[in-house]
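What follows is a short report on a single structure.
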Amino acid sequence: QVQLKESGPGLVQPSQTLSLTCTVSGFSLTSYSVHWVRQHSGKSLEWMGRMWSDGDTSYNSAFTSRLSISRDTSKSQVFLKMNSLQTEDTGTYYCARNSGGSYFDYWGQGVMVTVSS
Amino acid sequence: DIQMTQSPASLSASLEEIVTITCQASQDIGNWLAWYQQKPGKSPQLLIYGATSLADGVPSRFSGSRSGTQNSLKISGLQVEDIGIYYCQQASSAPYTFGTGTKLELK
């Protein structure tokens, strides 16, 4: 069955770089896009960016040039890297599979990231 | 960016009651609208896509409708398992934006 699972450090120091991995199973990254979505505690959801099935990427301009998404299709993994982290970047980070149209039909469990010294 | 204004922010309803949540887009998004349910400590789950299409495995008491730039999610007969936070999302253009959420509680 379709599964996505995020992994990465739970604690990152301010100004440092966040690196997260989304490991997928049950589908191919060359057939489906994968998105990254963030949620601040008790708040709504924020779309960060997308790895398209052809390897192209799209980003939310709110993250300017801080964000980078890449993948390793042989390992069925999508990576998120975001630099210059601040306390406002604290939250839960999800990866989600794209269904037809830019909807998110399967989500990972999320990984909680705290930015603190 | 397209703004999604969702109302109400919170809602208390009784079992079997009919519940309606609305979501207003700041510009025309056509039918590019989804609804998600999020239970405490869990990931969001897709309920409705394309404004009116039910996602796989979602009970038929959930339905979506659209009138111009206003979309609505209706639960026809609230059940205990429907308690949670509901979000709308526009899929018309990036950045894909979400509503602020509606917290649904049992009265």
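Just so you know, the sequences run in chain order A and B.
Last residue of the first sequence: number 117 in the working numbering, and the count goes up by one each step with no gaps.
Last residue of the second sequence: number 224 in the working numbering, and the count goes up by one each step with no gaps.
Even glycine gets a Cβ: it sits at the ideal position worked out from N, Cα and C.
Here the structure is a predicted model, which means the values were calculated and not measured.
Compute the distance between the beta-carbons of residue i and residue j, then report whether it is under 8 Å.
i, j, result
"residue 45 (chain A)", "residue 22 (chain A)", "no"
"residue 67 (chain A)", "residue 51 (chain A)", "no"
"residue 142 (chain A)", "residue 71 (chain A)", "With chain A represented from 1 up to 117, any question about residue 142 (chain A) goes unanswered, as that position is not in the structure."
"residue 201 (chain B)", "residue 155 (chain B)", "yes"
"residue 119 (chain B)", "residue 219 (chain B)", "no"
"residue 204 (chain B)", "residue 101 (chain A)", "no"
"residue 141 (chain A)", "residue 161 (chain B)", "Any question about residue 141 (chain A) goes unanswered here, given that chain A covers just 1 to 117."
"residue 168 (chain B)", "residue 181 (chain B)", "yes"
"residue 146 (chain B)", "residue 187 (chain B)", "no"
"residue 221 (chain B)", "residue 197 (chain B)", "no"
"residue 28 (chain A)", "residue 98 (chain A)", "no"
"residue 94 (chain A)", "residue 39 (chain A)", "yes"
"residue 1 (chain A)", "residue 26 (chain A)", "yes"
"residue 211 (chain B)", "residue 58 (chain A)", "yes"
"residue 92 (chain A)", "residue 14 (chain A)", "no"
Could you give the C-beta distance for residue i and residue j, rounded to a whole number, given that I count them as a contact under 8 Å?
i, j, result
"residue 10 (chain A)", "residue 113 (chain A)", "6 Å"
"residue 138 (chain B)", "residue 190 (chain B)", "5 Å"
"residue 96 (chain A)", "residue 37 (chain A)", "6 Å"
"residue 164 (chain B)", "residue 149 (chain B)", "Between residue 149 (chain B) and residue 164 (chain B) the Cβ distance is about 15 Å, and since that is not below 8 Å, they are no contact."
"residue 192 (chain B)", "residue 178 (chain B)", "6 Å"
"residue 195 (chain B)", "residue 131 (chain B)", "7 Å"
"residue 30 (chain A)", "residue 53 (chain A)", "6 Å"
"residue 76 (chain A)", "residue 24 (chain A)", "5 Å"
"residue 85 (chain A)", "residue 18 (chain A)", "6 Å"
Using a Cβ cut-off of 8 Å (strictly closer), state whether residue i contacts chain A.
i, result
"residue 126 (chain B)", "no"
"residue 203 (chain B)", "no"
"residue 142 (chain B)", "no"
"residue 174 (chain B)", "no"
"residue 186 (chain B)", "no"
"residue 215 (chain B)", "yes"
"residue 218 (chain B)", "yes"
"residue 151 (chain B)", "yes"
Shorter than 8 Å from the beta carbon of residue i to some beta carbon of chain B?
i, result
"residue 94 (chain A)", "yes"
"residue 20 (chain A)", "no"
"residue 10 (chain A)", "no"
"residue 28 (chain A)", "no"
Original post:
Between the segment 155–169 of chain B and chain A, which residues of the former have CB atoms less than 7 Å from a CB of the latter, in chain order?
Top reply: Listed in sequence order: 160, 161, 163, 166 and 167.
| said: Three Cβ pairs or more, each shorter than 8 Å: is that satisfied between the segment 94–112 of chain A and the segment 119–126 of chain B? | reply: No, the segment 94–112 of chain A is not in contact with the segment 119–126 of chain B.
query = Name the residues in the segment 44–76 of chain A whose C-beta lies less than 8 Å from a C-beta of chain B; which are they?
reply = From the segment 44–76 of chain A, only 44, 45, 46, 47, 50, 58, 60, 61 and 62 have a Cβ closer than 8 Å to chain B.
Quick one, which residues of the segment 189–213 of chain B are near chain A if we go by CB-CB under 7 Å, in chain order? Per Cβ criterion, the list reads 204, 208, 211, 212 and 213.
- Identify each residue in the segment 97–112 of chain A for which the Cβ-Cβ distance to at least one residue of chain B is less than 9 Å, and report them in chain order. Those would be 99, 100, 101, 102, 103, 104, 105, 106, 107, 108, 109 and 110, in chain order.
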